[in-house]
Amino acid sequence: MDIFQYIPNLSLLYPEIIVTVLALMVLIADLVVSKKRKVIIAVLAILGLLVALLSCIPLLGVNKTTFSGMFICDPFAMFFRILFLVIGVLTIFISIFYIAMEKIHLGEYYALLLFAILGMMVMAAANDLMIIYLGIELMALSVYALVGFLKHDLKSNEAALKYFVLGAFTSGILLYGISLLYGETGSTNLGEIQKSLIAGGSSRTAVLAMILLIAGFSFKIAAVPFHLWCPDAYDGAPTSITAFMSVGPKAAGFAALLRVFVVALLPLKEEWTILLWVISASTMILGNVMGVTQTNVKRLLAYSSIAHAGYGLMGLVAAGNVITISRSGIEYTEDGRMGIYMVMFYLLVYTFMNLGAFGMVLLLRKNSLRGDEISNFAGLAKTNPFYAAAMTIFLLSLMGFPPFAGFVGKFYLFTVAIQAKLYILAVIGVLTSVISAYYYFLIIRAMYIESPKESFQLIQSKSLVFALMITLILTVLIGLYPSPFLNFARESIFKLM
197 MDIFQYIPNL SLLYPEIIVT VLALMVLIAD LVVSKKRKVI IAVLAILGLL
247 VALLSCIPLL GVNKTTFSGM FICDPFAMFF RILFLVIGVL TIFISIFYIA
297 MEKIHLGEYY ALLLFAILGM MVMAAANDLM IIYLGIELMA LSVYALVGFL
347 KHDLKSNEAA LKYFVLGAFT SGILLYGISL LYGETGSTNL GEIQKSLIAG
397 GSSRTAVLAM ILLIAGFSFK IAAVPFHLWC PDAYDGAPTS ITAFMSVGPK
447 AAGFAALLRV FVVALLPLKE EWTILLWVIS ASTMILGNVM GVTQTNVKRL
497 LAYSSIAHAG YGLMGLVAAG NVITISRSGI EYTEDGRMGI YMVMFYLLVY
547 TFMNLGAFGM VLLLRKNSLR GDEISNFAGL AKTNPFYAAA MTIFLLSLMG
597 FPPFAGFVGK FYLFTVAIQA KLYILAVIGV LTSVISAYYY FLIIRAMYIE
647 SPKESFQLIQ SKSLVFALMI TLILTVLIGL YPSPFLNFAR ESIFKLM
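Numbering (my numbering) for the sequence shown: 197 to 693.
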């Protein structure tokens, strides 16, 4: 008997191990580094995340499981691992100045951020429902604390409390769905669940479990009607954390959602495509309609984030609509694969343009001027034309205006929806994108037409400007030359489907 077959292959989890060790090192460094040299902690966190990124290189193309099939290292997991680590690096660059201004305790802030990233990576690499749940809780508990990190800000405390209460409730719903699915199939392994459902067909218990799982994942991606926490949490959280929340946990929620529904629950696609169609349409409509009424930029971008979750769900619905299932097996079509990797590509695109938009809000943050209101952007084109142009590019990209990255992402999502004969959903997507143009142009109008109400200078933060330049370059580059990024997303799903 070979005892080594029971020893887990830890090399498949090197990125997660590095991030875990890094979070502990950051906590220790906070105890020994003097207050005047606290920036060393940020440098340590950035270098550690870059090392974790380097550790991903040998794992590209690998398709293996470890820990008795509970974790999987495949191209799909690697896509999201890399995305989460990049989000982490950019968030830390964005945070350095903001932390100093708000006098936030560095050690706990960066450690919680790293633990949130670790939870997100676990969600992407999980091949078992219980591991997905553990990853969700690790991410969620860290983000709850980060949302309420401004201890003396009542808005921050209120946002954290609302987020925690609603999050705990939906975690219970998610866990109940997992338990029902386990009772029906006898397993929490995604592949085993799929085999059981193909052999036994759909049952009322399995469908109920699916509905509960949709509710749990919809909360994580802020889809209607589980979006109520989003505007308050985004508005009350430290702006650097709002930027992180808008892209990181949302992408992690989609990573888990895609793996569970494309693998475990694919035999129930007739049921979940209908439900997700309704959620996608409702999310796009409500997110964009509510965005029209906002004057606070953080709340405006929160409703924008809700709407973009609807666009992402469109790709999953399109994929489910064209995949054929029988007792002999599953027939994956190219259109089905395209629906999934277009969701992944859109998450990649959304990351850079949304981080850039929130970075501009931070750039206006100085003393009494918070940069949260649309009126704070008045006359920016006259005082700082370059940054006004940068913000315009981010907003046009979020709108889906060519030739920027957001246009490419939306174009392909609408294309796969039409190919899957989801004509009404595609029309809703196009019309709601037109509606979104109104509230994005409110900010552009303020920058270029209105006069500044008070004279101000943008903050001088090299780290923040560096992060803005990276996001700006990628937003333009992906729009002009999307092929390498599309290929990266396409190659990341062939082992999944």
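Where is the CB? At the ideal position from N, CA and C, for every residue including glycine.
Based on Cα-Cα distance, which residue from the options lies nearest to residue i?
| i | options | result |
| --- | --- | --- |
| proline 678 | Arg400, Leu408, Ile631 and Pro599 | Pro599 |
| methionine 297 | Leu346, Phe267 and Met266 | Leu346 |
| leucine 627 | Ser478, Tyr546 and Gly555 | Ser478 |
| isoleucine 417 | Gly506, Val339 and Lys358 | Gly506 |
| alanine 514 | Gly555, Lys617 and Val443 | Lys617 |
| leucine 308 | Thr529, Ala613 and Leu218 | Leu218 |
| leucine 334 | Gly315, Val456 and Ala320 | Gly315 |
| alanine 415 | Thr366, Ala460 and Tyr378 | According to the sequence shown, residue 415 is phenylalanine rather than alanine. Nearest C-alpha to phenylalanine 415: Thr366. |
| proline 254 | Phe263, Gly244 and Cys269 | Cys269 |
| alanine 395 | Ala356, Leu376 and Ala460 | Ala460 |
| threonine 216 | Ile666, Gly331, Lys494 and Lys231 | Gly331 |
| leucine 393 | Ser647, Gly265 and Phe457 | Phe457 |
| leucine 558 | Tyr210, Pro434 and Ala448 | Pro434 |
| serine 647 | Thr671, Gly675 and Leu576 | Leu576 |
| isoleucine 288 | Glu380, Ala355, Asn259 and Ser436 | Ser436 |
| valine 258 | Leu245, Val247 and Leu209 | Leu209 |
| methionine 319 | Phe603, Ala356, Gly444 and Ile631 | Gly444 |
| isoleucine 666 | Leu286, Tyr608 and Phe541 | Leu286 |
| methionine 266 | Val604, Leu386, Arg400 and Leu246 | Leu386 |
When burial is assigned at 16 or more other CB atoms within 10 Å of the CB, is residue i buried or exposed?
| i | result |
| --- | --- |
| threonine 261 | buried |
| glycine 382 | exposed |
| leucine 350 | exposed |
| glutamine 390 | buried |
| phenylalanine 582 | exposed |
| asparagine 323 | buried |
| leucine 206 | exposed |
| serine 564 | Its pLDDT being 48, under 50, serine 564 is placed unreliably in this model, and the value from its coordinates should be taken loosely. It is exposed - the Cβ of serine 564 has fewer than 16 other Cβ atoms within 10 Å. |
| asparagine 683 | exposed |
| arginine 233 | exposed |
| valine 343 | buried |
| isoleucine 620 | exposed |
| glutamate 466 | exposed |
| proline 680 | exposed |
| leucine 220 | exposed |
| glycine 284 | buried |
| glycine 625 | buried |
| glycine 675 | buried |
| leucine 227 | exposed |
| alanine 364 | exposed |
| serine 442 | buried |
For chain C, is any of its Cβ atoms less than 9 Å away from the one on residue i?
| i | result |
| --- | --- |
| leucine 362 | Although the question refers to chain C, the structure presented lacks it and comprises just one protein chain. |
Sorted by chain position, which residues of the same chain lie with C-beta nearer than 6 Å to residue i's C-beta, five sequence neighbours on each side aside?
| i | result |
| --- | --- |
| methionine 326 | Thr384 |
| methionine 317 | Glu212, Arg277 and Phe280 |
| isoleucine 236 | Val229 |
| valine 499 | Per the sequence presented here, residue 499 reads as tyrosine, with valine not at that position. Excluding sequence neighbours, tyrosine 499 sits near Gly483, Met486 and Gly487. |
| leucine 249 | Leu281 |
| phenylalanine 573 | Ile639, Ala642 and Met643 |
| serine 398 | Leu464 |
| alanine 622 | Phe610, Ala613 and Ile614 |
| leucine 377 | Ala405 |
| valine 420 | Ser478, Thr479 and Leu482 |
Kindly list the residues whose CB is nearer than 7 Å to the CB of residue i, restricted to its own chain and excluding five residues on each side of it in sequence; keep chain order.
| i | result |
| --- | --- |
| phenylalanine 293 | Ile655, Ser657, Ser659 and Leu660 |
| phenylalanine 450 | Ile417, Gly508, Val539 and Leu543 |
| leucine 496 | Gly487, Gln490 and Tyr635 |
| lysine 606 | Tyr507, Gly596 and Ser629 |
| phenylalanine 222 | First, the residue type needs correcting, since residue 222 is valine and not phenylalanine in the sequence shown. If we look at valine 222 and ignore the five residues flanking it on each side, its Cβ neighbours are Ile237, Leu240, Ala241, Gly303, Tyr306, Ala307 and Leu310. |
| arginine 686 | Tyr537 |
For the putative contact between residue i and residue j, defined by C-beta atoms under 8 Å, what is the C-beta separation to the nearest angstrom?
| i | j | result |
| --- | --- | --- |
| alanine 642 | methionine 595 | About 16 Å; that fails the 8 Å criterion. |
| leucine 454 | alanine 402 | Contact doesn't hold; Cβ gap of about 19 Å is too wide. |
| methionine 538 | glycine 511 | 5 Å |
| lysine 578 | serine 501 | About 30 Å separates the two Cβ atoms, so there is no contact after all. |
| phenylalanine 422 | isoleucine 689 | About 26 Å separates the two Cβ atoms, so there is no contact after all. |
| tryptophan 425 | leucine 362 | 5 Å |
| threonine 438 | lysine 494 | 6 Å |
| leucine 664 | glycine 516 | Wrong, their Cβ atoms sit about 37 Å apart, outside the cutoff. |
| alanine 695 | valine 545 | Residue 695 lies beyond the range of the chain shown here (197 to 693); nothing can be said about it. |
| isoleucine 214 | serine 251 | 6 Å |
Given 8 Å as the limit, tell me if residue i has its C-beta closer than that to any heavy atom belonging to the ligand HEM.
| i | result |
| --- | --- |
| phenylalanine 365 | Among the ligands in the structure shown, none appear at all, so the ligand HEM cannot be discussed. |
Sorted by chain position, which residues of the same chain lie with C-beta nearer than 8 Å to residue i's C-beta, five sequence neighbours on each side aside?
| i | result |
| --- | --- |
| isoleucine 199 | Below a pLDDT of 50, predicted positions are generally treated as unreliable, and isoleucine 199, at 47, falls in that range; the measurement from the model is reported next regardless. Closer than 8 Å at the Cβ level, and outside the excluded window around isoleucine 199, lies no residue. |
| alanine 225 | Ile236, Ile237, Leu240 and Gly303 |
| glutamine 615 | Ala514, Val518, Asp531 and Met534 |
| isoleucine 410 | Trp468, Leu471, Leu472 and Ile475 |
| leucine 668 | Gly552, Ala586, Ile589 and Phe590 |
Could you say if the region 424-440 and the region 395-406 meet the contact criterion of at least three C-beta pairs nearer than 8 Å? no
Decide if the region 586-602 is in contact with the region 635-646; the criterion is three or more beta carbon pairs, one per stretch, under 8 Å apart. yes
Within 8 Å, do at least three Cβ pairs link the region 369-382 to the region 338-354? no
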